[in-house]
Each structure stands twice: as structure tokens, then as C-alpha cells.
Amino acid sequence: MKRRNYIKSVGGIALTPALTLTDTDGGTDTDTAEEFDRVAISQTRISPEEFKRRTPRIIGHNLGLEVEFDESDFTQGKHIQAFYQKTHPVLRIKYFEASDGEQIWVNAGGIIYEPYSMVNAAEFIQFFHEQVDFEQVWMTRSSYNYQQYTIGDWSAVTQDDLSRDGESTVAVIDGERIDFDSRGERQKRVRDEIVKRIFP
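Numbering-wise (this note's numbering), the sequence shown opens with residue 829 and increments by one.
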């Protein structure tokens, strides 16, 4: 499926062609990768080296998105971001060495997903990229921006307040305006709606 992402800004509208993801290839032995996938991320601690070794190097063989690592060192440990796309929608897997809870999250177009394995993380990026039409609108005369996620005839629009102390909790999901108690609650609802539509 070919689609474009529309990013509205002061200079007008920029069109960014979106790639289609097909396969996942971590560049490691298949049996080893499958065995690792059976171990839930939440049940084991992963070192920075193991995270980088298990992160798929390419998602999509034909139009493949190649990973680009961005590492930061903190007193508590390493923070690694595995970027597959830095333009909208940003697609990345995030790793925190010192996290007391989950070490690994996926961020796709501002949607946070907690994968149960590295293969599942790659699947979420692939399915999101294949099936979700994403549009981001920046309001030039205010501090608001909007994200729209569309899957078939379903859509969700979220509003963010980018002012210093702003936090917006509003969303329009499938035509219904909803005011949530927090931004986190809103994002979780949108994520859950997306997950149940993109996974087979």
C-alpha cells in the first residue's frame, strides 16, 4: 500500500513518501532468534550489547528500513534508541538499561507499545507502517498540534498542547470526542484501538 504522510508547517505542506515494510531480518541465526522470542522481555534483563545484537537490522527486504542506533550514557546506565525512521511517523525501539520495570518500548508515531519480545517489537513497527495512515498537523498560530491515525474507515485524532505547561487530554475516536483524565490514559486508549486492528 502506497501512501504519503502530510506534515503542515509554516513553510507549507511537505509530502514524505511512506515505505512499505515486508519482512523482519535480525541478521542472526533463525533458531537462536526464535528461541529468544519465546522468552518474555519482562522476565529477563537484557544488556545493551544483547539489545543491539537482537535488534533487527532491517525491516522490509525490498524497501527495507535500516536501523540507526543513538546511544546516551547516564550514571544509571545506557539509553539506546534504534531508529527505523526519523521522519513522521517516527519509528523506533527504545531501551533503558537501568529501568526497574520494562526495559524496552516501541514508539510509532507517538504511540507507545510495550512488546513482549524483540520480534513482537519489529512486528508492531511493520504492521503500524503498513496499515496506519498517519498525518500530523502543526498549528502555526497556536501551541497545538494534532495527530491523526487512520485504519480503513476507523480514525483517531489527538491534540497536544506544546506550550510550557500545557497538557491536552482530548481525542476524537471514531467520530466521538472524548476528554480523558490524563494524556497517558488517552494515548493508551488510542494504542489499544490501533493494536486490535493491525495485528492479525
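All C-beta atoms in this analysis are idealised placements derived from N, C-alpha and C, irrespective of residue type, glycine included.
Can you check whether the CB of residue j is closer than 8 Å to the CB of residue i?
| i | j | result |
| --- | --- | --- |
| Tyr-977 | Ile-1022 | yes |
| Phe-911 | Phe-955 | no |
| Ser-991 | Ser-1010 | no |
| Val-895 | Arg-885 | yes |
| Phe-924 | His-907 | yes |
Skipping 5 residues on each side, what residues in its chain have a beta carbon closer than 7 Å to that of residue i?
| i | result |
| --- | --- |
| Pro-943 | Ile-869, Ile-932, Val-934, Ala-949 and Phe-952 |
| Ala-936 | Pro-917, Leu-919, Phe-952, Ile-953 and Phe-956 |
| Arg-1025 | Ile-979 and Trp-982 |
| Asp-989 | Ser-971, Tyr-972, Glu-995 and Ser-996 |
| Ile-921 | Thr-883, Ala-910, Ile-932, Val-934 and Ala-949 |
| Gln-904 | Ala-926 |
| Gln-913 | Leu-893 and Leu-919 |
| Thr-860 | The predicted position of Thr-860 is uncertain, since its pLDDT is 42 and thus under 50; no value can be drawn from it. |
| Arg-1019 | Ile-939, Ile-940 and Tyr-941 |
Would you list the one or two residues that DSSP bridges to residue i?
| i | result |
| --- | --- |
| Ile-1063 | With the chain represented from 829 up to 1028, any question about residue 1063 goes unanswered, as that position is not in the structure. |
| Val-934 | Ile-921 and Tyr-941 |
| Gly-888 | DSSP, once it has assigned bridges, lists no residue as partnering Gly-888. |
| Tyr-974 | Val-965 and Gln-987 |
| Ile-908 | Glu-899 and Tyr-923 |
| Ile-979 | Trp-982 |
| Tyr-894 | Here residue 894 is Glu; the residue named in the question, Tyr, does not match the sequence. Note: Glu-894 sits in a beta bridge opposite Ile-886. |
| Gln-913 | Leu-919 |
Counting only the same chain and skipping the five closest in sequence on each side, list residues whose C-beta sits under 6 Å from that of residue i.
| i | result |
| --- | --- |
| Asp-898 | Gln-909 |
| Ile-1001 | Ala-984 |
| Met-829 | Unreliable placement is indicated for Met-829, whose pLDDT of 43 sits below 50; the coordinate value is still reported in the next sentence. Closer than 6 Å at the Cβ level, and outside the excluded window around Met-829, lies no residue. |
| Gln-959 | Ile-979 and Ile-1026 |
| Thr-852 | With a pLDDT of only 39 at Thr-852, under the threshold of 50, the placement of this residue in the model should not be trusted, and no figure is reported. |
Might you give, ordered along the chain, the residues of its own chain that have their beta carbon closer than 8 Å to the beta carbon of residue i, omitting 5 neighbours on each side?
| i | result |
| --- | --- |
| Arg-873 | Gln-931 |
| Arg-1017 | Ala-999, Ile-1001, Ile-1006 and Phe-1008 |
| Met-967 | Asn-973 and Tyr-974 |
| Gln-1015 | Gly-938, Ile-939, Ile-940 and Thr-986 |
| Asp-857 | Residue placement at Asp-857 cannot be trusted, given a pLDDT of 37 that sits under 50; the coordinates are not used to answer. |
| Glu-877 | none |
| Gln-871 | none |
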